[in-house]
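**Student:** I have a structure I would like to understand better, so I am pasting it below and will then ask my questions one at a time.
Residue numbers (my numbering): 59 to 391.
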């Protein structure tokens, strides 16, 4: 396992981060023996970070980690999240404090390495979207995070970089956050380099530029695009996060990609991970898994290393040919 400096924190994070999310769902849906085997194998392979959230399985992901991590001697870095109820913005720090307290209770821990905002970020607060102004203002989200940091309940805090790209960049450029979970995969790498308009990808351009400029540790998410890239099998848990995309449109794009590159860089899942690892401005890649075999596949991809520049150029040629819908631009997600 290779390790990268995690922004300006001084931490060294493994290139792969074990994702406890709902799409893969191993920590939610599998039996105890499988959960135990997966976490132990990940740590044995050198993975030193696990990412979860209260919403993953309605707390079941955090609960599983609570007993799993008490069984082992290793003490991996651990990140979780908080979702702000935008119907009640009178006490944002209080919301955050209560959410973290519940997470720590499920996790059976006194603190976590990283706490992240899970809401999408926009210009106006509405529904699941929270405005950048409500994140940055006095008694806003970041003030709430800072209070928990002062209490020693969290080491660092960050955001999920989904929503409206200009608003996301505004928060990144505040210089107040340590990390951002950044959407980056074979079907939409626009956060890292320009993707032709004809490909039809939601435009995340400028996000990794901002992270690099302000020392924000970018964590790659959705490397498999909810599983669509990794396999043709469907579980019903596939849910595209980007505006205008559907399972069908993502499937069509994935087909175009793999018709071009086939298995030249490993299995579909391995190719996806190796593509993300080639983006050196990502400090790590969070991957989800449903089965133990998926973990072994991810580990094998990391061992193979980043996809070659020649492979990147072949993919760019696919993007040039166009996707399946008009580009959505920098709008609300």
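Note that beta-carbon positions come from the ideal geometry of N, C-alpha and C, so glycine has one too.
Taking buried to mean at least 16 other C-beta atoms within 10 Å of its own C-beta, is residue 279 buried or exposed?
**Tutor:** buried
**Student:** Have a look at residue 146 and residue 224 and give me their C-alpha separation to the nearest angstrom.
**Tutor:** 24 Å
**Student:** Taking DSSP as the reference, what is the three-state secondary structure of residue 87?
**Tutor:** If DSSP states are grouped into helix, strand and coil, residue 87 belongs with the helices.
**Student:** Name the DSSP beta bridge partners of residue 74, please?
**Tutor:** 343
**Student:** In angstroms with no decimal places, state the Cα-to-Cα distance between residue 255 and residue 379.
**Tutor:** 10 Å
**Student:** Tell me the residue span of the alpha helix (DSSP H) that contains residue 62.
**Tutor:** Taken as a continuous stretch (DSSP letters only), residue 62 belongs to no alpha helix (DSSP H), being part of the beta strand (DSSP E) at 61-63.
**Student:** So residue 232 packs on residue 65, CB below 8 Å; how close in whole Å?
**Tutor:** With a contact defined as Cβ atoms closer than 8 Å, residue 232 and residue 65 miss out at about 14 Å.
**Student:** Report buried or exposed for residue 209, applying the criterion of at least 16 other Cβ atoms within 10 angstroms of its Cβ.
**Tutor:** exposed
**Student:** With a cut-off of 8 Å on the beta carbons, I'd call residue 235 and residue 202 a contact; round off their distance for me.
**Tutor:** Wrong, their Cβ atoms sit about 13 Å apart, outside the cutoff.
**Student:** On the DSSP letters alone, give me the boundaries of the beta strand (DSSP E) that residue 172 sits inside.
**Tutor:** 170-175
**Student:** Any idea which residues DSSP pairs residue 362 with across the strands?
**Tutor:** In the DSSP output, where bridge partners are listed per residue, residue 362 has none listed.
**Student:** Let me check understanding here. Comparing Cα to Cα, which of 84, 319 and 249 lies closest to residue 120?
**Tutor:** 84
**Student:** Express the C-alpha separation of residue 353 and residue 61 in angstroms, rounding to a whole number.
**Tutor:** Approximately 18 Å, taken between the alpha carbons.
**Student:** Run the CB neighbour count on residue 387, radius 10 Å, all protein chains shown included, and call it buried at 16 or more, exposed below.
**Tutor:** Only weak support is given to the placement of residue 387: the predicted model assigns it a pLDDT of 43, under 50, and the value that follows is read from those uncertain coordinates. Exposed.
**Student:** Grouping DSSP H, G and I as helix and E and B as strand, with all else coil, what is residue 379?
**Tutor:** helix
**Student:** Determine the direct distance from the alpha carbon of residue 311 to that of residue 194, and round the result to whole angstroms.
**Tutor:** 37 Å
**Student:** CB residue 331 to CB residue 314, shorter than 8 Å?
**Tutor:** no
**Student:** Under 8 Å, do residue 364 and residue 336 count as touching if we go by C-beta distance?
**Tutor:** The answer is yes: Cβ separation under 8 Å.
**Student:** Can the beta-carbon of residue 250 be found closer than 8 Å to that of residue 339?
**Tutor:** yes
**Student:** Which word fits residue 384, buried or exposed, when buried means at least 16 other C-beta atoms lie within 10 angstroms of its C-beta?
**Tutor:** A caution first: residue 384 carries a pLDDT of 41, below 50, which makes its placement in the model unreliable, though a value can still be read off. Exposed.
**Student:** Please report the distance separating the alpha-carbon of residue 362 from that of residue 323.
**Tutor:** 9 Å
**Student:** For residue 284, which of 102, 368, 244 and 373 has the nearest alpha-carbon?
**Tutor:** The residue with the shortest Cα to Cα distance from residue 284 is 244.
**Student:** Here's the rule: buried if 16 or more other CB atoms are within 10 angstroms of the residue's CB, otherwise exposed. What is residue 240?
**Tutor:** Flag for residue 240 reads buried.
**Student:** With a Cβ-Cβ cutoff of 8 Å, do residue 229 and residue 179 count as a contact?
**Tutor:** Yes, Cβ-Cβ distance for residue 229 and residue 179 is below 8 Å.
**Student:** In or out: residue 246 buried (at least 16 other Cβ within 10 Å) or exposed?
**Tutor:** Of the residues assessed, residue 246 falls on the buried side of the cut-off, its CB having 16 or more other CB atoms within 10 angstroms.
**Student:** Residue 142 to residue 189, Cα distance in whole Å?
**Tutor:** 11 Å
**Student:** In whole angstroms, give me the CA-to-CA distance for residue 304 and residue 282.
**Tutor:** 14 Å
**Student:** Straight-line CA distance for residue 325 to residue 70?
**Tutor:** 28 Å
**Student:** Taking the alpha helix (DSSP H) that residue 190 belongs to, which residues open and close that run?
**Tutor:** 190-194
**Student:** Thinking C-alpha only, which one of 109, 272, 211 and 95 is nearest residue 130?
**Tutor:** Comparing Cα-Cα distances from residue 130 to each of 109, 272, 211 and 95, the minimum goes to 95.
**Student:** Looking at the unbroken beta strand (DSSP E) that takes in residue 212, where does it start and where does it end?
**Tutor:** 212-219
**Student:** In or out: residue 308 buried (at least 16 other Cβ within 10 Å) or exposed?
**Tutor:** buried
**Student:** What residues in its chain sit with their C-beta under 6 Å from that of residue 333, if we drop five residues either side in the sequence?
**Tutor:** Residues of the same chain with a CB within less than 6 Å of the CB of residue 333, apart from the 5 flanking positions on each side, are 244 and 365 in chain order.
**Student:** In angstroms with no decimal places, state the Cα-to-Cα distance between residue 341 and residue 242.
**Tutor:** 12 Å
**Student:** Would you mind giving the Cβ-Cβ distance between residue 212 and residue 161, rounded to the nearest angstrom? I have them listed as a contact below 8 Å.
**Tutor:** About 10 Å separates the two Cβ atoms, so there is no contact after all.
**Student:** So what's residue 469 in DSSP terms, helix, strand or just coil?
**Tutor:** Only positions 59 to 391 of the chain appear in this structure, which leaves residue 469 out of reach.
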